[in-house]
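Residue numbers (full-length UniProt numbering), protein chains in the order written: chain B, 1 to 283; chain E, 1 to 283; chain V, 1 to 283; chain F, 1 to 283.
Quick reminder that beta carbons are idealized off the backbone N, C-alpha and C, glycines included.
Number of protein chains: 4
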Amino acid sequence: MAAQRSWGSDDQLGALNLSTPETVLRALATPRTGRVFSIAHKIGRESPVQDRKHPTWHTTTVREAKSGCVAADDLLIMHSHSGTHIDALSHYWRGDTLYNGWPSGAITNEGAPHLSIDRVSGFVLRCLLLDLSDVCPTGKAGHGFEITLDHIEEAVARTGSSIEAGDAILLRTGWVAQYAVDKATYNWGEPGIGIDVAEFLAEQGVVLIGADNWGVEAVPPATKGEGLIVHRAMLNRFGVYLLENLELEELATDAGPGAYLLVVAPLRIRGGVGSPVNPLVMT
Amino acid sequence: MAAQRSWGSDDQLGALNLSTPETVLRALATPRTGRVFSIAHKIGRESPVQDRKHPTWHTTTVREAKSGCVAADDLLIMHSHSGTHIDALSHYWRGDTLYNGWPSGAITNEGAPHLSIDRVSGFVLRCLLLDLSDVCPTGKAGHGFEITLDHIEEAVARTGSSIEAGDAILLRTGWVAQYAVDKATYNWGEPGIGIDVAEFLAEQGVVLIGADNWGVEAVPPATKGEGLIVHRAMLNRFGVYLLENLELEELATDAGPGAYLLVVAPLRIRGGVGSPVNPLVMT
Amino acid sequence: MAAQRSWGSDDQLGALNLSTPETVLRALATPRTGRVFSIAHKIGRESPVQDRKHPTWHTTTVREAKSGCVAADDLLIMHSHSGTHIDALSHYWRGDTLYNGWPSGAITNEGAPHLSIDRVSGFVLRCLLLDLSDVCPTGKAGHGFEITLDHIEEAVARTGSSIEAGDAILLRTGWVAQYAVDKATYNWGEPGIGIDVAEFLAEQGVVLIGADNWGVEAVPPATKGEGLIVHRAMLNRFGVYLLENLELEELATDAGPGAYLLVVAPLRIRGGVGSPVNPLVMT
Amino acid sequence: MAAQRSWGSDDQLGALNLSTPETVLRALATPRTGRVFSIAHKIGRESPVQDRKHPTWHTTTVREAKSGCVAADDLLIMHSHSGTHIDALSHYWRGDTLYNGWPSGAITNEGAPHLSIDRVSGFVLRCLLLDLSDVCPTGKAGHGFEITLDHIEEAVARTGSSIEAGDAILLRTGWVAQYAVDKATYNWGEPGIGIDVAEFLAEQGVVLIGADNWGVEAVPPATKGEGLIVHRAMLNRFGVYLLENLELEELATDAGPGAYLLVVAPLRIRGGVGSPVNPLVMT
Numbered sequence: 001m002a003a004q005r006s007w008g009s010d011d012q013l014g015a016l017n018l019s020t021p022e023t024v025l026r027a028l029a030t031p032r033t034g035r036v037f038s039i040a041h042k043i044g045r046e047s048p049v050q051d052r053k054h055p056t057w058h059t060t061t062v063r064e065a066k067s068g069c070v071a072a073d074d075l076l077i078m079h080s081h082s083g084t085h086i087d088a089l090s091h092y093w094r095g096d097t098l099y100n101g102w103p104s105g106a107i108t109n110e111g112a113p114h115l116s117i118d119r120v121s122g123f124v125l126r127c128l129l130l131d132l133s134d135v136c137p138t139g140k141a142g143h144g145f146e147i148t149l150d151h152i153e154e155a156v157a158r159t160g161s162s163i164e165a166g167d168a169i170l171l172r173t174g175w176v177a178q179y180a181v182d183k184a185t186y187n188w189g190e191p192g193i194g195i196d197v198a199e200f201l202a203e204q205g206v207v208l209i210g211a212d213n214w215g216v217e218a219v220p221p222a223t224k225g226e227g228l229i230v231h232r233a234m235l236n237r238f239g240v241y242l243l244e245n246l247e248l249e250e251l252a253t254d255a256g257p258g259a260y261l262l263v264v265a266p267l268r269i270r271g272g273v274g275s276p277v278n279p280l281v282m283t
Numbered sequence: 001m002a003a004q005r006s007w008g009s010d011d012q013l014g015a016l017n018l019s020t021p022e023t024v025l026r027a028l029a030t031p032r033t034g035r036v037f038s039i040a041h042k043i044g045r046e047s048p049v050q051d052r053k054h055p056t057w058h059t060t061t062v063r064e065a066k067s068g069c070v071a072a073d074d075l076l077i078m079h080s081h082s083g084t085h086i087d088a089l090s091h092y093w094r095g096d097t098l099y100n101g102w103p104s105g106a107i108t109n110e111g112a113p114h115l116s117i118d119r120v121s122g123f124v125l126r127c128l129l130l131d132l133s134d135v136c137p138t139g140k141a142g143h144g145f146e147i148t149l150d151h152i153e154e155a156v157a158r159t160g161s162s163i164e165a166g167d168a169i170l171l172r173t174g175w176v177a178q179y180a181v182d183k184a185t186y187n188w189g190e191p192g193i194g195i196d197v198a199e200f201l202a203e204q205g206v207v208l209i210g211a212d213n214w215g216v217e218a219v220p221p222a223t224k225g226e227g228l229i230v231h232r233a234m235l236n237r238f239g240v241y242l243l244e245n246l247e248l249e250e251l252a253t254d255a256g257p258g259a260y261l262l263v264v265a266p267l268r269i270r271g272g273v274g275s276p277v278n279p280l281v282m283t
Numbered sequence: 001m002a003a004q005r006s007w008g009s010d011d012q013l014g015a016l017n018l019s020t021p022e023t024v025l026r027a028l029a030t031p032r033t034g035r036v037f038s039i040a041h042k043i044g045r046e047s048p049v050q051d052r053k054h055p056t057w058h059t060t061t062v063r064e065a066k067s068g069c070v071a072a073d074d075l076l077i078m079h080s081h082s083g084t085h086i087d088a089l090s091h092y093w094r095g096d097t098l099y100n101g102w103p104s105g106a107i108t109n110e111g112a113p114h115l116s117i118d119r120v121s122g123f124v125l126r127c128l129l130l131d132l133s134d135v136c137p138t139g140k141a142g143h144g145f146e147i148t149l150d151h152i153e154e155a156v157a158r159t160g161s162s163i164e165a166g167d168a169i170l171l172r173t174g175w176v177a178q179y180a181v182d183k184a185t186y187n188w189g190e191p192g193i194g195i196d197v198a199e200f201l202a203e204q205g206v207v208l209i210g211a212d213n214w215g216v217e218a219v220p221p222a223t224k225g226e227g228l229i230v231h232r233a234m235l236n237r238f239g240v241y242l243l244e245n246l247e248l249e250e251l252a253t254d255a256g257p258g259a260y261l262l263v264v265a266p267l268r269i270r271g272g273v274g275s276p277v278n279p280l281v282m283t
Numbered sequence: 001m002a003a004q005r006s007w008g009s010d011d012q013l014g015a016l017n018l019s020t021p022e023t024v025l026r027a028l029a030t031p032r033t034g035r036v037f038s039i040a041h042k043i044g045r046e047s048p049v050q051d052r053k054h055p056t057w058h059t060t061t062v063r064e065a066k067s068g069c070v071a072a073d074d075l076l077i078m079h080s081h082s083g084t085h086i087d088a089l090s091h092y093w094r095g096d097t098l099y100n101g102w103p104s105g106a107i108t109n110e111g112a113p114h115l116s117i118d119r120v121s122g123f124v125l126r127c128l129l130l131d132l133s134d135v136c137p138t139g140k141a142g143h144g145f146e147i148t149l150d151h152i153e154e155a156v157a158r159t160g161s162s163i164e165a166g167d168a169i170l171l172r173t174g175w176v177a178q179y180a181v182d183k184a185t186y187n188w189g190e191p192g193i194g195i196d197v198a199e200f201l202a203e204q205g206v207v208l209i210g211a212d213n214w215g216v217e218a219v220p221p222a223t224k225g226e227g228l229i230v231h232r233a234m235l236n237r238f239g240v241y242l243l244e245n246l247e248l249e250e251l252a253t254d255a256g257p258g259a260y261l262l263v264v265a266p267l268r269i270r271g272g273v274g275s276p277v278n279p280l281v282m283t
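Written as C-alpha cells, this is what we have:
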C-alpha cells in the first residue's frame with residue numbers, strides 16, 4: 001500500500017491541501033490563449049446517469065405579477081452524482097471509516113457531517129489533459145480495460161509538461177461517445193485507470209482526477225469483490241477527488257494535450273456527498 | 001433610454017460578448033495573493049429563498065453493494081433561483097420580447113429555447129468589489145434605498161482601479177445580514193441600485209452585476225407599476241447578467257475593495273432560465 | 001353534438017352532481033361477497049407513465065431519535081397523471097374555456113383555480129365492469145381500434161345489469177398487458193372508445209369512465225387534428241371524469257363482468273388537475 | 001404487556017386480518033344518509049407537516065400539442081408522512097425487529113421489503129367517531145394530555161354503538177385547530193391516547209386508529225426515553241394502523257358521534273412506509 005500524506009487528525013480536505021496560494025497563482029498563469037471551455041454535459045433528462053438512478057427532472061415555471069412582469073424559474077430535481085459531477089471524500093467507502101478516520105456511520109439521510117462537499121471553497125488547479133482515447137477500446141471491449149502506467153507516461157509526455165504537486169489530471173478515454181450509442185454498455189463497465197496508476201498519481205501530489213467516463217477507473221476492476229478499488233483508494237486513503245462524466249471532446253479537438261487552468265466550483269450543498277458541476281478549462 | 005450594444009440578430013449571449021480572450025487573460029493576471037474565496041451561501045433548507053418559493057430539499061441516500069461497499073448520493077430539489085444564483089437573460093420580462101427580440105412566448109414548462117443558461121460556458125471576468133455597506137441602511141429603512149452614482153464612483157475609487165469593458169461588478173450592500181435577523185424584512189424589499197446606476201454600469205461594458213441581496217436593485221423601485229426595472233433593463237435591453245444572494249462578508253473582511261478575478265460556472269441546465277452557482281473570487 | 005346536463009353557472013363538479021345520497025346508498029348495497037379489490041398499479045419507478053414524462057421517484061428515509069427509535073418516511077416525486085390516476089375536469093382542453101365556461105387561461109404553474117381535483121370529496125359509485133378484452137386487438141393492431149356501441153351493449157348485457165344515472169363504467173380492454181411487453185407500443189396508441197360511445201355513456205348519466213389503458217379512448221382517434229376528442233367531450237362538455245391506467249386483471253378474473261361498488265378517493269391536491277389514486281372495487 | 005393476536009409467521013398485514021368479507025359487508029350496511037365526507041386536509045404548501053420536514057411542493061404544468069390542445073399535469077413532491085396520511089406497519093420502531101419479527105435492518109433508501117403500504121389493498125371498515133374535543137385542552141396545555149379509558153368509554157357510549165373486532169376508531173381531539181393558530185405548538189406536542197387506551201383498543205380488535213392530530217398519541221408521552229410508545233405498541237406489536245392529521249370538523253359538526261363507514265385507500269407505493277390519503281366517511 002502506497003504511502004500517503006497527512007494533514008492532521010482534524011483534516012477534512014485531503015489532497016486539496018496540496019493546492020496553495022502558490023499553486024493557484026501558477027495555475028492562473030498557465031493559459032496562453034484566453035479561451036474558456038466548459039467540460040460539462042448539458043443537464044437535463046438526457047444527461048448521463050447510472051441505470052439505477054433517475055433521469056434529471058427539469059421544469060421551468062413562470063409567475064406573472066400585477067405589473068404584467070413575468071419571472072421565470074426552474075425546478076430542478078437531480079442526483080448530485082449524475083451528469084458531470086464531483087465526488088466528495090464522503091461519497092464511497094467500505095467499513096467503518098472514511099478518509100482520515102472519520103466515521104462512515106455518521107452519514108445519515110440528512111447528510112454527511114464530515115468530508116462533505118460544502119467544506120470545499122473551490123478548485124483552482126493547473127491541469128494536464130491526457131489523451132488516452134487512442135488506447136482505450138470502444139464498445140463492450142472497453143469494459144475493464146485498464147490504462148497502464150506506460151500509457152500515462154506517454155500521454156503526459158505529449159502534454160509537453162510533467163505532473164506537479166497540486167495538479168489535476170483530466171483523462172480523455174473517449175468512452176463518452178458510448179453513451180449516445182448504447183447507455184447500457186456505457187453504464188455497465190468502462191475503460192479507465194487501475195489501482196497502480198491511481199496510486200502513482202496520488203503519490204505525485206495530484207488533487208483531483210477527472211475523466212470522460214462515469215467512474216474514472218476500469219470497471220469491472222481487475223480484483224473482484226472489492227468494489228470500486230480506485231474510488232476507495234483515492235477517496236478513503238489519499239483524499240483525492242474524482243470528477244466524472246466529463247465532456248472533453250471540444251477541448252481535446254481544439255486544444256489537444258497540454259497544461260491548462262482548471263476551475264471547479266462545486267455547489268456548496270450542506271452535508272452533500274458530491275455536486276453537479278460545470279468545470280471550466282482555460283487554455 | 002441609454003444606448004446599447006448589439007452583436008447581431010442571432011445573438012443570445014448579450015454582454016458576455018464583451019468577454020474576450022484578451023479580457024480573460026487580463027482577468028487571470030489580476031490576482032496577487034493566490035487566495036480563493038467562495039462567495040456563495042451554503043445550499044440547504046436555510047439557504048436564502050424568496051417567500052413564495054420552497055426551501056431547498058436535500059436528502060442524502062446510500063446504497064450498499066454485495067461487496068459491502070457503500071455509495072452515497074444526494075437528492076437535490078431546488079429552484080434555480082434560490083440561494084446564490086445567476087439570472088439567465090430569459091429570467092424576467094414584460095411583454096412579448098426578451099433580449100434581442102427573442103419571443104417570450106416560446107418559453108414553456110419545458111424550458112427556454114432562447115437565452116437559456118446552458119448557452120453560457122462560464123464567466124471568467126475581472127471584478128471590482130464595491131463596498132456600499134456603509135451607505136445602505138439596515139432593517140426596514142433599507143427597503144427601496146437607492147445607491148447613487150456618486151456612491152458608486154466613490155466605491156470604485158476605493159478599489160484603486162476603474163471599470164473596464166468586460167468587467168463584473170460585485171456590490172456589497174450588507175443586506176445579507178438581514179436574512180439571519182428577519183426573513184420577511186429581507187425578502188420584501190432591499191437596498192440596491194436604481195436604473196441610472198444600472199444603465200451607467202451597462203454603458204461601461206459591464207458583463208455581470210452581483211450583489212449580496214436577493215435582487216441587486218432597490219426594492220420597491222422608485223417607479224411603481226413597472227416591476228423590477230433594473231432587471232428589465234439589464235436582462236432585456238443590455239444583456240447584462242445578474243448574480244444574486246452573494247455572501248461577500250469574508251471576501252470584504254479579508255481582502256476589501258479591489259480588483260480581482262471572478263469565475264462563475266453556471267450548471268448547464270438545458271433550457272434553464274438561471275442556475276445555482278458557487279462563484280469564486282481569486283484575490 | 002349530444003345534449004348535456006347543467007348544474008348552474010357556478011358548478012365545478014359536473015357529472016358528479018349525478019351522484020346523490022340515494023345513488024350512494026344504492027352503490028353501497030351492491031356488493032354481495034364483501035371482497036375488496038384494488039384496481040391500481042403499484043407506484044414506483046415502473047408504474048405506467050407516458051414517454052415524455054418522468055418515472056416516479058420514490059426514496060425512503062429514516063431518522064433516528066436519541067431514544068433509539070427510528071421513524072421512516074418516503075419522499076415521493078411524481079406526476080399526478082402517472083400510473084393509476086384520475087383526470088380532473090381541468091386536465092385537458094382546447095381554446096379559452098373549460099367545462100361550464102371556466103377560463104382555461106386562469107390555470108398557472110400554481111394550479112387550477114377552477115375545476116381542480118380538491119373540489120371533489122370522493123366518488124362512491126355503483127360501477128359496471130365491462131369486459132372488452134376479447135374484442136380489442138393486441139400489439140400495434142390495437143392502435144386506434146374503436147370499441148363500438150354494439151360492443152358496449154353486449155358487454156353491459158353480460159353484467160346482468162344496465163347503466164343507470166350516477167354509475168361509473170370500467171372498461172377492460174386488456175391493453176395493460178402491452179406495457180410489460182413494449183412500453184412504446186403501449187404509449188403511442190391504444191384501443192378504446194370513440195366519441196359516439198363516450199357521448200352515449202355521458203347521456204346515460206355516467207359520472208366516471210375508467211379503463212385499463214392510458215387514455216380511455218381510441219388513440220390515434222378517428223378524427224385527425226382534434227387532439228383527444230373523447231377527453232375534450234367528457235371533461236369539457238359533459239363534466240365526466242376519466243380514470244386511467246387501471247389494473248383490472250384480478251378483478252376481471254375473480255369476479256368477472258357485473259355491477260359492483262367503486263370508491264375513488266383522489267388526494268385533495270389544492271389546485272390539482274388530477275391525482276394518483278388507488279380505486280377500490282367491492283364485489 | 002397485553003396479549004396480541006397472530007396470523008402466522010409470514011403475516012405482513014397485522015390487524016387488517018380482522019377485516020373479513022363479513023365485516024366489510026357489515027361496514028357497507030352502516031350508512032343511513034348516503035352522505036360522503038372527506039376527512040383529509042387539502043394537500044399543498046400549507047398542509048400540516050412536522051417542523052423538520054419540508055412543505056409539500058406542487059407545481060402544475062401544461063403542454064400544448066400541435067392540435068392546439070393542452071394537457072395539464074401536476075408535479076407533486078411530498079413526504080408520505082405529511083398532511084393526512086396513514087402509517088404502514090414499517091413506519092416506526094426501536095431495535096432490530098418490526099411487527100411479527102420482520103427485520104428493521106432490511107429497510108433501505110429504496111424502501112421497505114416487508115410491511116410496506118403497497119401490501120394493503122385498502123381499508124373498508126366500520127368506524128366509530130369518538131368526540132374528545134371537550135376533554136382535550138387547547139394550546140400548550142394540550143401537550144402530553146392523555147385521554148383516559150373513562151373518556152373513551154363515555155365517548156363510545158355517545159356513538160350509540162360499541163367497539164367490535166374489525167372496526168376503526170376515529171378520535172376527534174380538536175387539536176387540528178391549533179395548526180392554524182401556531183404551528184410550533186401544534187407540532188411539538190399534542191393531546192392523545194396513552195398506552196393503556198391504545199392496548200385496550202387493540203385488544204378489542206381495532207384495525208386502525210385515526211385522529212385529528214399529528215400522531216394519535218399524547219406527546220410528550222408519560223414515559224420518557226421510550227419514543228412514541230403508542231406507535232411502537234400499535235405498529236410493532238399489534239399491527240394496528242395509524243391514520244394522522246385528520247380533518248374531522250365537518251363530519252363532527254354535521255354527523256356527530258356515531259358508527260359509520262370508513263374507506264381508506266392508500267396509494268400503492270412499492271416499498272412505501274406510509275401514504276398520503278383522502279379517507280372517506282359515509283354516514
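query: Beta-carbon proximity check, Val176/B vs Asp134/B, cutoff 8 Å; result: no
query: DSSP three-state assignment for Phe145/F, whether helix, strand or coil; result: coil
query: Opening and closing residue of the beta strand (DSSP E) in which Asp73/E lies; result: 69–79
query: Through-space distance from Gly44/F to Gly142/F, alpha-carbon basis; result: 26 Å
query: Interface residues of the stretch 102–123 of chain E facing chain F [CB-CB below 9 Å]; result: Thr108, Asn109, Glu110
query: Euclidean distance between Cα positions of Asp51/E and Asn187/E; result: 7 Å
query: His114/B (DSSP reduced to helix, strand or coil); result: coil
query: Nonlocal neighbours in the same chain, by C-beta distance under 6 Å from Ile152/V, ignoring five residues either side; result: Val197
query: Host beta strand (DSSP E) of Arg172/E (start-end); result: 168–172
query: 6 Å CB neighbourhood of Glu146/V in its chain, flanking five on each side removed; result: Gly194, Ala218
query: Beta-bridge partners of Leu130/B, as assigned by DSSP; result: Leu171/B
query: Check whether Leu16/B and Val263/B have beta carbons under 8 Å apart; result: no
query: Proximal residues, the stretch 67–92 of chain B versus chain F, C-beta separation under 9 Å; result: Leu75, Ile77
query: Beta-carbon neighbours of Thr59/E, restricted to chain V and to distances below 9 Å; result: Thr59, Thr61, Leu75
query: Whether Gly174/V touches Cys136/V by CB criterion (8 Å); result: yes
query: Delimiting residues of the beta strand (DSSP E) encompassing Glu64/E; result: 57–64
query: Secondary structure of Thr30/F, DSSP reduced to three states; result: coil
query: Anticipated Cβ contact below 8 Å, Tyr260/E with Ile86/E, distance rounded; result: Wrong, their Cβ atoms sit about 18 Å apart, outside the cutoff.
query: Bridge-paired residues (DSSP) for His85/F; result: Glu244/F, Pro276/F
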